[in-house]
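Q:
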Amino acid sequence: MNTKALSSQLKDSIPIAELSTQYGGYGLQDTLRTGFTSVQSDLLPSHPLELAEKNFQINQEKVSFSTLRNIQGLHAPLKLQMEYRAAKQIQRLPFLQSSNIALDTLRGNDESISFEDILSDPAQCEMMGEPHMMMEHKLGLL
1 MNTKALSSQL
11 KDSIPIAELS
21 TQYGGYGLQD
31 TLRTGFTSVQ
41 SDLLPSHPLE
51 LAEKNFQINQ
61 EKVSFSTLRN
71 IQGLHAPLKL
81 QMEYRAAKQI
91 QRLPFLQSSN
101 IALDTLRGND
111 ESISFEDILS
121 DPAQCEMMGE
131 PHMMMEHKLG
141 LL
């Protein structure tokens, strides 16, 4: 069987312009060629301040670190970032709620009351996991 003749027949039988279009003959998206679409990726922020509000804590830390670097030198923000990492690694068992008081103290959030402080009470949580199953999942035994 001549493969060159077969490939030339296939090339001639399928128009190349049709392959490049996103939608097929019936106006439906060709998922096989273009992949799945996400509605969330098509949405834009509803307000210009929404993106700034989402990144407020990150931007605040960047400004704080740059100010600290200008005042005290390069070692001060590096030391503070290492302390943040060490405080993030301190956790309770997976089925117990952790308050992260060390991290809140380092960031200065221990002196303010926010939405999470009042309405995120672990005693009123609707979900309580099975301790043995959660530990097995964390250790990778399942």
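In this text, residue positions in the sequence shown follow full-length UniProt numbering: the first is 1, and each later residue adds one. Ideal Cβ placement from N, Cα and C applies to all residues, glycine included. Predicted model only: the values in this text are computed from it and were never measured.
On the criterion of 16 or more Cβ atoms from any shown chain inside 10 Å, does Pro48 qualify as buried, or is it exposed?
A: Residue 48 sits at position 48 when you count from the first residue of the sequence shown. Exposed is the call here.
Q: In whole angstroms, what is the alpha-carbon distance linking Phe95 and Asn109?
A: On the sequence shown, residue 95 is found 95 positions in, with the first residue counted as 1. On the sequence shown, residue 109 is found 109 positions in, with the first residue counted as 1. Each residue's Cα considered, the two are about 24 Å apart.
Q: Using the Cβ count rule (16 or more neighbours within 10 Å means buried), how would you classify Pro131?
A: Here residue 131 refers to the residue found at position 131 when the sequence shown is read from its first residue. Classification of Pro131: exposed, given that the 10 Å Cβ count is below 16.
Q: Going straight from the alpha carbon of Glu111 to that of Ile118, what length do you get?
A: Along the sequence shown, one-based indexing puts residue 111 at 111. Along the sequence shown, one-based indexing puts residue 118 at 118. One C-alpha to the other measures close to 14 Å.
Q: What number of angstroms, rounded off, separates the C-alpha of Glu61 from the C-alpha of Leu93?
A: Your numbering for residue 61 matches position 61 in the sequence shown. Your numbering for residue 93 matches position 93 in the sequence shown. Spanning the two alpha carbons is a distance of roughly 29 Å.
Q: Taking the continuous alpha helix (DSSP H) assigned at Phe115, which residues delimit it?
A: The residue you call residue 115 lines up with position 115 of the sequence shown. Where Phe115 is concerned, the enclosing alpha helix (DSSP H) stretches over 115-119.
Q: Say whether the segment 49-60 touches the segment 68-78, bearing in mind that this needs 3 or more beta-carbon pairs closer than 8 Å, one atom from each stretch.
A: Result no; under three Cβ-Cβ pairs closer than 8 Å.
Q: For Leu6, which of helix, strand or coil comes out of DSSP?
A: On the sequence shown, position 6 is the one that residue 6 refers to. Only weak support exists for where Leu6 lies, its pLDDT of 47 falling under 50; the value from the coordinates is given anyway. The answer is helix: DSSP assigns Leu6 an H, G or I state.
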